[in-house]
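Visitor:
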Amino acid sequence: MERRVLWHGIGFEPSDWQIVVDIAAAAAEAMTIKYNVQMLPHHTQIISILMFAIRACGAGALGAGFASLPKTMIGRVGTGEGKSLIIGMLAAFVAKKGLRAHVVNDSRVLTQRDFATNQAFFSLLNIRASSEPADLKNKTIKIVYCTGDDLESSCLDCLVDGRAEDYEQGLKEAVLIVDEVDGLIFDKGATSDRLFEDNEFSNMVHDWMQEYQQTGRIQKDVDDFRTQDEFSSILQRDLARAFEEASDKQEGQDYSQRGEQLYLLDQKAKKVQESGWRLWLEVLKNQRSDGSYSVRYKYVKAVLCRIQCFMSYSCIFGLTGSLGQSAEKTFLAEHYEAVTFNVPFFLDTCRSDSLGKFKKTVQDVSPSSAPYTGVWEQEQGVVDLAVERCADVPVLVLAKDADAVHRLASMLRAALAGHFGRGAGDGEGVVELLYNPALQTK
């Protein structure tokens with residue numbers, strides 16, 4: 080790229096293109112180191128990066144005068160099309176432009192997995208990255224992977240401390256990158272709240288709970304000053320109701336157990352709410368621990384509007400497996416100033432002079448005459464088909480175990496040498512993935 084490109088007034092410079100090239104090279108190097116196979120980001124991934132990157136050039140302090148442009152861009156990416164890598168490369172571009180990138184996933188497991196996958200890639204680019212929620216407020220950390228709960232908790236902390244305006248201003252130089260829009264924006268509703276634990280109420284409820292479990296009622300003690308006001312009567316009624324609710328709750332529907340811990344389940348998405356609290360859940364925890372669990376009583380101290388929290392960012396970029404129907408798209412356009420687009424499937428963009436345009440079609444590899452009579456005949460059929468097609472496209476062969484992988488790889492090397500000549504089956508023409516000789520028994 081030799082000259083500047085303009086899009087609605089935003090300039091994409093040759094230096095910006097060089098950043099994209101450097102990021103793609105670093106991603107290729109990181110994948111080669113990890114998988115021991117030379118791999119490059121494919122062209123649809125690069126096109127996706129460019130779609131977002133041009134808009135990122137008009138974000139933050141660079142975005143003066145571009146308020147009329149869409150603040151949110153969401154792309155639909157098919158399963159297996161490399162969404163995690165696209166997000167990692169996009170976060171790297173944002174960081175290289177001097178902005179911060181907060182990558183959000185609704186699942187903590189997937190958040191940690193994606194960060195671990197891209198960590199070496201960020202290191203190659205000398206970008207400071209983290210998966211610690213506390214670093215959301217650290218302006219020296221350019222990329223932070225976190226969950227939606229982490230993001231909301233950080234915002235709620237500032238809201239409770241009276242620093243909401245300062246927090247919002249700090250996000251003017253940051254970009255939010257959302258992994259799977261539906262789970263974060265649609266499933267969770269419009270608001271979230273911050274619960275505050277009251278130690279005095281917790282002690283009262285804990286004592287009453289022991290009494291209720293032993294006698295089936297709460298005796299009013301005239302010598303206990305805590306039971307003389309209206310609040311204590313309300314707490315006692317809440318506790319009695321919580322005991323009734325606890326007996327009706329079902330694991331897998333209302334709560335989930337991980338190890339020794341019980342967690343509340345979101346009633347819409349049936350996902351674990353790590354910070355979720357209900358009094359009936361405290362009753363269950365106490366019952367499961369034979370009374371040793373100290374009950375905590377909480378109440379709502381602050382309510383956060385999720386839209387305001389997310390829209391505090393300079394831009395929002397999203398990649399998702401589904402954009403939803405017209406109602407969801409209308410909601411995104413109205414409340415998030417969003418535009419949407421579809422990232423084309425990789426194979427739908429590939430062409431061959433001899434075969435025309437490739438499609439994601441299922442190949443029928445069953446024999447035309449009689450079915451395979453044994454494992455050897457079936458594996459030979461797989462090898463024959465792989466050798467036939469490998470001249471036009473890369474071929475991935477899936478086998479049931481490591482022994483089958485090793486056996487098929489040996490057969491393929493021999494078949495390639497016989498089909499294309501001596502040496503064709505040597506070197507890296509056939510790569511065995513997940514085969515570890517150290518794990519095999521003699």
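Residue numbering for the sequence shown follows the working numbering, beginning at 80 and increasing consecutively.
Cβ coordinates follow ideal geometry from the N, Cα and C atoms, glycine included.
#1: Can you tell me the Cβ-Cβ gap for Val173 and Ala135, rounded? I've got them flagged as a contact below 8 Å.
#2: Whose C-alpha, out of Leu344, Gly227, Leu85 and Glu407, is nearest the C-alpha of Met130?
#3: Does the beta-carbon distance from Ala465 to Val472 come in below 7 Å?
#4: Can you tell me which of the three DSSP states Met118 falls into?
#5: Pairing CB atoms from the region 354-373 with CB atoms from the region 272-292, are three or more of them under 8 Å?
#6: Contact defined as beta carbons within less than 8 Å: I believe Phe322 pairs with Val362. What is the distance between those atoms, to the nearest angstrom?
#7: What does the Cβ neighbour count give for Pro516, buried or exposed, with the cut at 16 atoms within 10 Å?
#8: Can you give, in chain order, each stretch of the alpha helix (DSSP H) that sits fully within the region 194-282 and has at least 4 residues?
#9: Could you tell me whether the region 400-408 touches the region 184-201, where touching means 3 or more Cβ pairs closer than 8 Å?
#10: Using a 10 Å radius around the Cβ and a threshold of 16 neighbouring Cβ atoms, would you call Ser209 buried or exposed?
#11: Can the beta-carbon of Leu148 be found closer than 7 Å to that of His87?
#12: Whole-angstrom Cβ separation of Ser393 and Lys251, contact assumed at under 8 Å?
#13: Roughly how many whole angstroms lie between the Cα atoms of Glu279 and Gly355?
#14: Quick check: the Cα distance between Glu353 and Leu235, rounded to an integer number of angstroms?
#15: Can you tell me which residues form a DSSP beta bridge with Trp86?
#16: If you draw a straight line from the C-alpha of Ala104 to the C-alpha of His122, how long is it?
#17: Need the endpoints of the alpha helix (DSSP H) that Leu363 sits in, please.
#18: Of the choices Ala243, Tyr246, Leu314 and Val422, whose alpha-carbon is the least far from that of Trp359?
#19: Confirm, please, whether the CB-CB distance from Lys364 to Leu341 is below 7 Å.
#20: Just to confirm my understanding: we take Gly157, look at its own chain, exclude 5 residues before and 5 after, and list those with CB closer than 8 Å. What are they?
#21: Where does the unbroken alpha helix (DSSP H) through Gly460 begin, and where does it stop?
#22: Hey, how far is the Cα of Thr151 from the Cα of Thr452?
#23: Which partner residues does Gln292 have in the DSSP bridge list?
#24: Taking only runs of the beta strand (DSSP E) that begin and end inside the region 144-198, which ones reach a length of at least 3 residues, in chain order?
#25: Under 7 Å, do Ala199 and Ala106 count as touching if we go by C-beta distance?
#26: From Thr409 to Ser312, what does the alpha carbon distance come to, in whole angstroms?
#27: Looking at the secondary structure, which residues open and close the beta strand (DSSP E) in which Leu475 lies?
#28: Exposed or buried, which one is Thr294 when buried takes at least 16 other CB atoms within 10 Å?
#29: Terminal residues of the continuous beta strand (DSSP E) containing Gln340?
#30: By how many angstroms is the C-alpha of Ile166 removed from the C-alpha of Phe91?
#31: Could you spell out the range, first to last residue, of the beta strand (DSSP E) harbouring Arg337?
#32: Please classify Thr111 as buried or exposed, where buried requires at least 16 other C-beta atoms within 10 Å of its C-beta.
#33: Check for me: the beta strand (DSSP E) holding Phe389 runs from which residue to which?
#34: Are the CB atoms of Ile153 and Ala417 within a distance shorter than 7 Å?
Guide: So, from the data block:
#1: Working through the sequence shown from its first residue, we reach residue 173 at position 94. Working through the sequence shown from its first residue, we reach residue 135 at position 56. Rounded, the Cβ-Cβ distance is 6 Å, consistent with contact.
#2: For this step, residue 130 is matched to residue 51 along the sequence shown. Of the listed residues, the one whose Cα sits closest to Met130 is Leu85.
#3: Translated into positions along the sequence shown, residue 465 becomes position 386. Translated into positions along the sequence shown, residue 472 becomes position 393. Not closer than 7 Å, so no.
#4: Position 39 of the sequence shown, counting from 1, holds the residue named residue 118. If DSSP states are grouped into helix, strand and coil, Met118 belongs with coil.
#5: yes
#6: Within the sequence shown, numbered from 1, the residue matching residue 322 stands at position 243. Within the sequence shown, numbered from 1, the residue matching residue 362 stands at position 283. That pair is a contact at about 6 Å.
#7: Here residue 516 corresponds to residue number 437 of the sequence shown, with the count starting at 1. With a pLDDT of 49 at Pro516, under the threshold of 50, the modelled position of that residue is not reliable, and the figure given next carries that caveat. Exposed, by the Cβ-count rule.
#8: 227-239 and 243-249
#9: no
#10: The residue you call residue 209 lines up with position 130 of the sequence shown. Its Cβ being crowded by 16 or more others within 10 Å, Ser209 is buried.
#11: By 1-based counting over the sequence shown, the position of residue 148 is 69. By 1-based counting over the sequence shown, the position of residue 87 is 8. A contact, by the Cβ cut-off of 7 Å.
#12: Here the question's residue 393 lines up with position 314 in the sequence shown. Here the question's residue 251 lines up with position 172 in the sequence shown. Going by Cβ atoms, the distance from Ser393 to Lys251 rounds to 6 Å, so yes, they are a contact pair.
#13: Within the sequence shown, residue 279 is the residue found at index 200, counting from 1. Within the sequence shown, residue 355 is the residue found at index 276, counting from 1. Near 20 Å, if we compare the C-alpha coordinates of Gly355 and Glu279.
#14: Residue numbering aside, residue 353 sits at position 274 when the sequence shown is read from its first letter. Residue numbering aside, residue 235 sits at position 156 when the sequence shown is read from its first letter. About 16 Å.
#15: Position 7 of the sequence shown, counted from the first residue, corresponds to residue 86. BP columns for Trp86 point to Ile89.
#16: Residue mapping note: residue 104 aligns to position 25 of the sequence shown, counting from 1. Residue mapping note: residue 122 aligns to position 43 of the sequence shown, counting from 1. Rounded to the nearest angstrom, the two C-alpha atoms are 13 Å apart.
#17: Counting from 1 along the sequence shown, the entry for residue 363 is found at position 284. Unbroken alpha helix (DSSP H) run through Leu363: Leu358 to Arg367.
#18: Locating residue 359 in the sequence shown gives position 280, where the first residue counts as 1. With distances taken between Cα atoms, Trp359 lies closest to Leu314.
#19: Position 262 of the sequence shown, counted from the first residue, corresponds to residue 341. Position 285 of the sequence shown, counted from the first residue, corresponds to residue 364. In contact: Leu341 and Lys364 (Cβ atoms closer than 7 Å).
#20: As a first step, residue 157 is located in the sequence shown; it is residue number 78 there, counting from the start. The residues are Gly400, Val422 and Phe424.
#21: Residue numbering aside, residue 460 sits at position 381 when the sequence shown is read from its first letter. Here the alpha helix (DSSP H) through Gly460 covers Val454 to Arg468.
#22: Counting from one through the sequence shown, the residue named residue 151 turns up at place 72. Counting from one through the sequence shown, the residue named residue 452 turns up at place 373. Near 57 Å, if we compare the C-alpha coordinates of Thr452 and Thr151.
#23: Within the sequence shown, residue 292 is the residue found at index 213, counting from 1. Looking at the DSSP assignment, Gln292 forms no beta bridge with any residue, so it has no partner.
#24: 151-155 and 179-184
#25: Numbered from its first residue, the sequence shown carries residue 199 at position 120. Numbered from its first residue, the sequence shown carries residue 106 at position 27. Result no, Cβ atoms of Ala199 and Ala106 do not sit closer than 7 Å.
#26: Numbered from its first residue, the sequence shown carries residue 409 at position 330. Numbered from its first residue, the sequence shown carries residue 312 at position 233. C-alpha separation (whole angstroms): 47 Å.
#27: Residue mapping note: residue 475 aligns to position 396 of the sequence shown, counting from 1. From DSSP, Leu475 is part of no beta strand (DSSP E); its letter is neither H nor E.
#28: The residue labelled residue 294 in the question sits at position 215 within the sequence shown. Thr294 comes out exposed.
#29: Locating residue 340 in the sequence shown gives position 261, counting from the first residue. Counting along the chain, the beta strand (DSSP E) containing Gln340 begins and ends at Gln340 to Leu344.
#30: Looking up residue 91 in the sequence shown gives position 12. Looking up residue 166 in the sequence shown gives position 87. Cα-Cα distance, rounded: 20 Å.
#31: Translated into positions along the sequence shown, residue 337 becomes position 258. Counting along the chain, the beta strand (DSSP E) containing Arg337 begins and ends at Tyr334 to Arg337.
#32: As a first step, residue 111 is located in the sequence shown; it is residue number 32 there, counting from the start. Its Cβ having fewer than 16 others within 10 Å, Thr111 is exposed.
#33: By 1-based counting over the sequence shown, the position of residue 389 is 310. Premise fails: Phe389 lies in the alpha helix (DSSP H), Arg385 to Met390, not in any beta strand (DSSP E).
#34: As a first step, residue 417 is located in the sequence shown; it is residue number 338 there, counting from the start. As a first step, residue 153 is located in the sequence shown; it is residue number 74 there, counting from the start. Yes; because the gap between Cβ atoms is below 7 Å, this pair is in contact.
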